[in-house]
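Quick note: the sequence shown uses my numbering, first residue 1, plus one each step. A short write-up of the structure that comes next.
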Amino acid sequence: MDLSYHLPPTFSRKPSNPILDGYTNHLMKEKLMGAKSSTANAASTETKKNKKISDVVTARDLEDRSRSLVQKTGKSLTCLLGEAMKLNPDRHEMEWCSNLITLWNSYIRCTKNPGHFNFIPVYQFGLGHLPASCRDRRMVAYIRALSRFTVRILTRHTSIHRPSYFPCGNMRGTDKLRLATGFAWIPGKITDMPCPIENCPYNRRSHRVYGHIRIMTNKHVVYDQFEAAQTRAQFFYDNANNSRGLPVVQCISLDYSIMDSDMAYLNCITHDSNLCAILQEEMEELKTTYNSIPLDIWQSCEDLSVVISHPHGMAKTVSVGSHHSFDVTPTRAHAHYYSSATCPGSSGAPVFYVSRREKGAHPMWIPAIHSFHCNILQMNCGFK
Ligand SMILES: [Zn+2]
Ligand SMILES: [Zn+2]
Numbered sequence: 001m002d003l004s005y006h007l008p009p010t011f012s013r014k015p016s017n018p019i020l021d022g023y024t025n026h027l028m029k030e031k032l033m034g035a036k037s038s039t040a041n042a043a044s045t046e047t048k049k050n051k052k053i054s055d056v057v058t059a060r061d062l063e064d065r066s067r068s069l070v071q072k073t074g075k076s077l078t079c080l081l082g083e084a085m086k087l088n089p090d091r092h093e094m095e096w097c098s099n100l101i102t103l104w105n106s107y108i109r110c111t112k113n114p115g116h117f118n119f120i121p122v123y124q125f126g127l128g129h130l131p132a133s134c135r136d137r138r139m140v141a142y143i144r145a146l147s148r149f150t151v152r153i154l155t156r157h158t159s160i161h162r163p164s165y166f167p168c169g170n171m172r173g174t175d176k177l178r179l180a181t182g183f184a185w186i187p188g189k190i191t192d193m194p195c196p197i198e199n200c201p202y203n204r205r206s207h208r209v210y211g212h213i214r215i216m217t218n219k220h221v222v223y224d225q226f227e228a229a230q231t232r233a234q235f236f237y238d239n240a241n242n243s244r245g246l247p248v249v250q251c252i253s254l255d256y257s258i259m260d261s262d263m264a265y266l267n268c269i270t271h272d273s274n275l276c277a278i279l280q281e282e283m284e285e286l287k288t289t290y291n292s293i294p295l296d297i298w299q300s301c302e303d304l305s306v307v308i309s310h311p312h313g314m315a316k317t318v319s320v321g322s323h324h325s326f327d328v329t330p331t332r333a334h335a336h337y338y339s340s341a342t343c344p345g346s347s348g349a350p351v352f353y354v355s356r357r358e359k360g361a362h363p364m365w366i367p368a369i370h371s372f373h374c375n376i377l378q379m380n381c382g383f384k
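Set out below in structure tokens:
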């Protein structure tokens, strides 16, 4: 079994294709706006229901809900979600702030998940948060190990090259801080190199840095090279009372991105050689923990989905729900649908899932990347 975190063949480099870029379909946008207003009240009611961990929406709930909507609208599920993704950029889940102190306000005043009862601080995550059928200490250890590679993304620049219809299109050329989530790994051997950052704030003299660290997030979080150069990622922000002095990596380039599946791959470096050593060691532990979970546990965790994210740019949390289904997009990426709770700040979060429908995939190994929340179906969508 190949357990490396190298990109699998389905992640191969693909240029974005303007013909397949559904964000340009303005006619369909009008249709969606109609659907959005008619479902807004139902969506609000559903959100209020989602207040307790015990109220996690099941795969069956989602199936019933989607079946009734498909019958009502006469459209396929793929079509409904495709419209929602492409034509309703407001549903993307980034957090904005003028400074980091104001994040508490967004968190406290959240209307999507008031109280955030379905978001478990990662350091408190335990057996009781998993469905009864897959309560196993090795699963808890594995999810905690995965959380070590989940990072808080901070980016200051919004590129003038963002299309006006794309998320943040109205913020082009501004420098307001936005926050999201990403998933990191080390793709190869760590090397040191001269620091490539112009006027580097760490050291004015010539100095060395270490890398590369690769990070997956959304294209709507980091659109192009200009935004990548203004993006940092913070590791190990697990506790709200402990955000200072944590390791931060600087992104130096956008390796590549895909419009259709809303994916962006960033190359990052660090000035801290210890961070690379820690991550390499933890990657080995991750593989060991994964291999320690027997097949019957995975089988009993059918349809589990776990999102690890930084809601509202705050400390890292785990949310548990059900994996509903997946579709193949025009560029042969997989769009996954799931119920695990997300909030603004969760864009780019890794979504680990168990799916009996996706043949050949290792359960909960390579994540989908959370992209948007669909108000029509009250469901989340991520891509892989
Ligand atoms: Zn929230
Ligand atoms: Zn430097």
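Just so it is clear, CB atoms sit at the ideal spot from N, CA and C, and this is done for glycine as well. Please read all numbers here as calculations on a predicted model, not as lab measurements.
Measuring only the C-alpha atoms, how far is residue i from residue j?
| i | j | result |
| --- | --- | --- |
| SER243 | SER347 | 20 Å |
| SER253 | SER133 | 43 Å |
| GLY360 | VAL354 | 12 Å |
| ALA240 | TYR107 | 12 Å |
| THR329 | SER261 | 8 Å |
| THR158 | GLY126 | 38 Å |
| ALA368 | ASN203 | 37 Å |
| TYR288 | GLY188 | Going by the sequence as given, residue 288 is Thr instead of Tyr. One C-alpha to the other measures close to 18 Å. |
| LEU304 | HIS129 | 12 Å |
| GLY22 | SER273 | For GLY22, the predicted model reports a pLDDT of 31, less than 50, meaning its position is unreliable; a value from the coordinates is still stated below. Cα to Cα, the separation comes out at about 42 Å. |
| ARG214 | PHE149 | 11 Å |
| ARG232 | PHE166 | 22 Å |
| ASP255 | ILE278 | 24 Å |
| CYS195 | ALA184 | 20 Å |
| THR342 | ALA315 | 13 Å |
| PHE235 | GLN71 | 45 Å |
| LYS112 | GLU285 | 36 Å |
| ARG138 | SER164 | 46 Å |
| PRO247 | HIS324 | 35 Å |
| PHE372 | VAL307 | 13 Å |
| GLN230 | ASN170 | 19 Å |
| CYS97 | ASN218 | 19 Å |
| ARG135 | ASN199 | 50 Å |
| HIS312 | GLU93 | 9 Å |
| TYR223 | ILE197 | 20 Å |
| TYR123 | VAL151 | 15 Å |
| TYR391 | CYS168 | Limits of the chain in this structure are 1 at one end and 384 at the other, which puts residue 391 out of reach. |
| THR102 | TYR237 | 17 Å |
| ILE186 | GLN280 | 7 Å |
| THR181 | SER206 | 31 Å |
Buried or exposed, going by whether 16 or more other CB atoms sit within 10 Å of the CB of residue i?
| i | result |
| --- | --- |
| ASN41 | Annotation note: pLDDT 42 at ASN41 (below 50); position unreliable, no value reported. |
| ILE153 | buried |
| ILE160 | exposed |
| GLU95 | buried |
| PRO350 | buried |
| ASN375 | buried |
| ARG208 | exposed |
| GLN250 | buried |
| SER322 | buried |
| MET379 | buried |
| MET263 | buried |
| PRO114 | exposed |
| GLY173 | exposed |
| PRO363 | buried |
| LEU295 | exposed |
Residue i and residue j look like a contact to me (Cβ under 8 Å); what is the Cβ gap, rounded to whole Å?
| i | j | result |
| --- | --- | --- |
| ASN143 | THR317 | Correcting the residue type first, residue 143 is Ile in the shown sequence and not Asn. With 8 Å as the limit, ILE143 and THR317 do not qualify as a contact, their Cβ atoms being about 12 Å apart. |
| HIS334 | PHE383 | 7 Å |
| CYS268 | GLY345 | No, CYS268 and GLY345 are not in contact; Cβ-Cβ is about 19 Å, not under 8 Å. |
| ARG156 | ASP175 | 5 Å |
Residue i by DSSP, collapsed to three states: which one?
| i | result |
| --- | --- |
| ILE186 | coil |
| GLY128 | helix |
| GLU281 | helix |
| THR317 | strand |
| PRO114 | helix |
| VAL122 | helix |
| ASP303 | coil |
| GLN378 | coil |
| PRO350 | strand |
| ILE308 | strand |
| SER371 | strand |
| TRP96 | strand |
| SER292 | coil |
| SER106 | helix |
| SER339 | coil |
| SER355 | coil |
So, does the CB of residue i fall closer than 8 Å to a CB anywhere in chain D?
| i | result |
| --- | --- |
| ARG152 | In summary, chain D is missing from the structure at hand, where a single protein chain is found. |
| query | Going along the chain, which unbroken runs of the alpha helix (DSSP H) with 4 or more residues stay wholly within the segment 203 to 271? | reply | Correct list: 225 to 228.
| beta strand (DSSP E) runs wholly inside the segment 133 to 200, at least 3 long, in chain order | 150 to 155, 177 to 185, 191 to 194
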